[in-house]
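Heads up, the thing below is written out as structure tokens.
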Amino acid sequence: MASCGLASGAGEVFQVLAEEIKRRNLDITLVQSGCAGFCEKEPLVDIMKPGWPRISYCEMNSKKIRKIIELLLEGKVEKDWILAKAEEEELLLEGTRRPYPLNGIPEELEEILPYKYHPFYEKQLKIAMRNCGFIDPENIDEYIARGGYSTLYKVLIQCDPDQVIEEITKSGLRGRGGGGFPTGRKWHYCRNAPGDIRYVVCNADEGDPGAYMDRSVLEGDPHSVLEGMIIGAYAIGSNEGYIYIRAEYPLAVQTLRKAIKQAEDYGFLGKNIFNSGFDFSIQINRGGGAFVCGESTALMASIEGKVGEPRAKHIHTVESGLWEKPTNLNNVETWANVPLIIAKGADWYSKIGTRDSKGTKIFSLVGKIENTGLVEVPMGITLREIIYDIGGGVPGRKKFKAVQTGGPSGGCIPEELIDLPVDFEELSRVGSMMGSGGMIVMDEDTCMVDIAK
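Adding 46 to a residue's 1-based position in the sequence shown gives its number in my numbering.
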């Protein structure tokens with residue numbers, strides 16, 4: 047369960063489910079999962095019954111879930127509480143779809159929209175969030191069952207570091223945490239910087255108002271980030287990594303610790319991974335809550351035990367970062383993209399998005415919007431599509447005024463630019479920026495002076 051679900055009462059719903067299953071001695075497996083993105087509709091409960099599609103009940107509470115169990119035992123559903131259904135499982139990493147064998151479906155389910163046609167999900171493309179909401183984040187076997195760590199095996203056994211860097215460079219992947227620097231170039235510079243010790247760092251210290259993308263990925267699919275970091279470390283020539291995460295994210299920290307322990311137990315972290323001769327370990331560092339520690343040099347100073355203060359930029363961290371050694375830093379979303387890019391190839395990834403902004407981007411859609419939540423969309427989608435088609439528009443038929451992107455370093459984009467394509471270049475052109483992905487919607491009642499303060 048992710049933080050958004052727990053805040054909406056998912057913990058109580060989970061407990062009631064567990065109690066009812068035990069009391070009735072039911073043959074039901076109860077599994078927790080991360081955030082599926084539609085935070086407005088939490089708590090969500092997915093039911094997978096043989097012969098049925100996967101169905102998602104939304105806005106659950108203890109009373110409703112008891113009713114759901116009664117109906118389930120009778121082979122019935124409560125149509126009005128169902129958000130969507132899935133008639134197949136897509137394994138993006140393998141490029142396959144597995145249809146669920148359907149028979150004896152209740153008639154009411156015929157009228158329910160599949161996820162892929164639901165307005166909130168129809169225009170989304172989940173790459174970094176491909177497993178969120180579909181697996182138990184605390185069970186490494188579920189990650190492996192969806193192809194997890196197979197890319198790492200391929201890299202360590204079949205590829206040399208330069209091949210990995212070349213593939214990431216060709217893909218056009220850019221950093222998802224701020225300025226959008228090309229990831230492959232950063233890796234190349236770090237690998238070729240003078241020095242015998244190198245470090246890799248994952249920046250999970252998102253501090254922008256309304257932003258919680260990194261938290262949700264770590265809570266919902268931590269192994270995708272770990273696998274990306276291990277691949278990156280191999281490419282760069284590093285044997286030691288750090289994840290710097292906000293202290294205000296206790297669930298993400300807990301999930302990460304379990305994931306690292308599991309990866310060590312399975313031999314994906316540690317000495318001689320896959321008998322390749324490559325060693326790599328990861329440590330977690332919890333931040334102290336300072337916004338400035340989201341900046342790379344301040345973050346590294348904090349890891350070193352110093353005051354988290356930025357330093358002059360003329361010395362690049364890929365040349366002199368942690369303990370004055372070459373250091374490569376990427377954020378959570380960037381690392382989560384890496385395994386899929388290597389598995390499916392740079393050509394596949396580079397066909398998504400715009401000419402200079404490839405792939406997808408996760409945004410936290412908050413503020414004066416009907417459907418708050420996390421959305422992962424192809425670069426180049428317009429603000430109108432995100433706010434109205436996915437987000438459902440402004441509540442109460444009020445007029446849209448502006449949307450703030452890029453956190454405190456970004457800007458406010460007014461209503462007349464609502465058809466602006468969303469990518470690095472276009473947002474910069476109008477005086478804002480991508481940032482980490484916070485997107486705060488404002489309506490006619492929002493005071494822009496207050497926002498500026």
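Glycine is no exception: its CB is placed at the ideal position from the N, C-alpha and C atoms.
Note that the structure is predicted; figures quoted are calculated from it, not measured.
Discussion item. For Gly-335, which residues in the same chain have their Cβ closer than 8 angstroms to its Cβ, ignoring the five residues on either side in sequence?
Written reply: Arg-292, Ala-293, Glu-294
Worksheet entry | Cβ of Glu-252 within 8 angstroms of any chain D Cβ | In the structure shown, chain D does not exist; there is a single protein chain.
Discussion item. Just to confirm the assignment, what range does the alpha helix (DSSP H) spanning Val-201 have?
Written reply: Its alpha helix (DSSP H) spans residues 196-204.
Fill in: the segment 314-330 in contact with the segment 210-223 per 3-pair CB rule at 8 angstroms
Using a Cβ-Cβ distance cut-off of 8 angstroms, the segment 314-330 and the segment 210-223 are not in contact, since fewer than three pairs of beta carbons, one from each stretch, lie closer than that value.
Discussion item. With the cut-off set at 8 angstroms, would you say Glu-120 and Pro-99 are in Cβ contact?
Written reply: no
Practice prompt. Return the first residue and the last residue of the alpha helix (DSSP H) that Arg-70 is part of.
Written response: 56-70
Discussion item. If distances are taken between C-alpha atoms only, which option among Gly-426, Gly-438, Ser-410 comes closest to Gly-399?
Written reply: Looking at Gly-426, Gly-438, Ser-410, the one whose alpha-carbon comes closest to that of Gly-399 is Gly-426.
Discussion item. Which of the three DSSP states is assigned to Cys-236 in this structure?
Written reply: Cys-236 falls in the helix class under three-state DSSP.
Item to complete: Under 6 angstroms Cβ to Cβ from Lys-397, same chain only, skipping five residues before and after it: list those, please.
Response: none
Worksheet item: How many Å lie between Gln-170 and Ala-64 at the Cα?
Response: 33 angstroms
Worksheet item: By the 10 Å Cβ neighbour count, where 16 or more other Cβ atoms means buried, how is Lys-352 classified, buried or exposed?
Response: Around the beta carbon of Lys-352, fewer than 16 other beta carbons lie within 10 angstroms, which makes this residue exposed.
Discussion item. Applying the 10 Å Cβ sphere with the 16-neighbour rule, what's the burial state of Ser-49?
Written reply: buried
Worksheet entry | Residue of Lys-359, Ala-498, Thr-343, Cys-104 minimising C-alpha distance to Asn-417 | Cys-104
Item to complete: If I'm right that Gly-484 touches Gly-437 with Cβ under 8 angstroms, what's the distance once you round it to whole angstroms?
Response: Not confirmed; about 14 angstroms, so no contact.
Worksheet item: Contact check, Pro-231 vs Pro-372 under 8 angstroms by CB: the rounded distance?
Response: The displayed chain sequence assigns Arg, not Pro, to residue 231. Not quite, the Cβ-Cβ distance comes to about 14 angstroms (not below 8 angstroms), so this is no contact.
Item to complete: May I have the straight-line CA-CA distance separating Tyr-189 from Ile-181, to the nearest angstrom?
Response: Their Cα atoms are separated by approximately 7 angstroms.
Discussion item. I'd like to know whether the C-beta atoms of Gly-193 and Leu-139 end up nearer to each other than 8 angstroms.
Written reply: Going by C-beta atoms, Gly-193 is nearer than 8 angstroms to Leu-139.
Worksheet item: In the DSSP assignment, what are the bridge partners of Ala-279?
Response: DSSP, once it has assigned bridges, lists no residue as partnering Ala-279.
Fill in: Residues that DSSP places opposite Val-210 in a beta bridge
According to DSSP, which records beta bridges pairwise, Val-210 is partnered with nothing at all.
Worksheet item: Does the Cβ of His-360 have 16 or more other Cβ atoms within 10 Å, making it buried, or fewer, making it exposed?
Response: exposed
Worksheet item: Given that a residue counts as buried once 16 or more other Cβ atoms are within 10 Å of its Cβ, and exposed if not, what is Asp-491?
Response: exposed
Worksheet item: What do you get for Asp-187, buried or exposed, if any count of 16 or more other CB atoms within 10 angstroms of its CB means buried?
Response: By the 10 Å Cβ count, Asp-187 comes out exposed.
Worksheet item: Expressed to the nearest angstrom, what Euclidean distance is found between the alpha-carbon atoms of Glu-154 and Gly-179?
Response: The C-alpha of Glu-154 lies about 24 angstroms from the C-alpha of Gly-179.
Worksheet item: Which residue's Cα is closest to the Cα of Leu-375: Tyr-288, Met-494, Arg-401?
Response: Tyr-288
Fill in: Secondary structure, alpha helix (DSSP H): runs of 4+ residues fully inside the segment 375-434
378-390, 392-396
Worksheet item: Among residues of its own chain, excluding the 5 on either side of Asn-149, which ones have a beta-carbon nearer than 8 angstroms to its beta-carbon?
Response: Gly-97
Worksheet item: Quick check: the segment 199-217 against the segment 255-274, are there 3 or more CB pairs under 8 angstroms?
Response: By the Cβ criterion, the segment 199-217 is not in contact with the segment 255-274, since fewer than three pairs of Cβ atoms, one from each stretch, lie closer than 8 angstroms.
Worksheet item: Which residues share a DSSP beta bridge with Thr-215?
Response: Answer is none; Thr-215 lacks a bridge partner.
Discussion item. Would you call the segment 238-257 in contact with the segment 373-393, where contact means no fewer than 3 C-beta pairs closer than 8 angstroms?
Written reply: yes
Fill in: Limits of the alpha helix (DSSP H) - the one that Asn-488 falls within
Residue identity check: residue 488 is Met in the sequence provided, not Asn. First-last for Met-488: 484-489, but that is the beta strand (DSSP E), not the alpha helix (DSSP H).
Discussion item. Pull the bridge partners of Pro-228 from the DSSP assignment, please.
Written reply: Arg-220
Worksheet item: Taking the runs of the beta strand (DSSP E) that are 3 residues or longer, which of them lie wholly in the segment 281-363?
Response: Secondary structure within the segment 281-363: the beta strand (DSSP E) runs of 3 or more consecutive residues, fully enclosed, are 286-291, 327-332 (chain order).
Worksheet item: Buried or exposed: Ile-277, going by 16 or more other Cβ atoms within 10 Å of its Cβ?
Response: buried
Fill in: Rounded separation between Ile-486 and Leu-72 - CA only
44 angstroms
Discussion item. To the nearest angstrom, how far is the alpha carbon of Gln-209 from that of Met-346?
Written reply: 28 angstroms
Worksheet item: Do you know whose CA, among Gly-477, Ser-217, Asn-331, lies nearest Pro-385's CA?
Response: Ser-217
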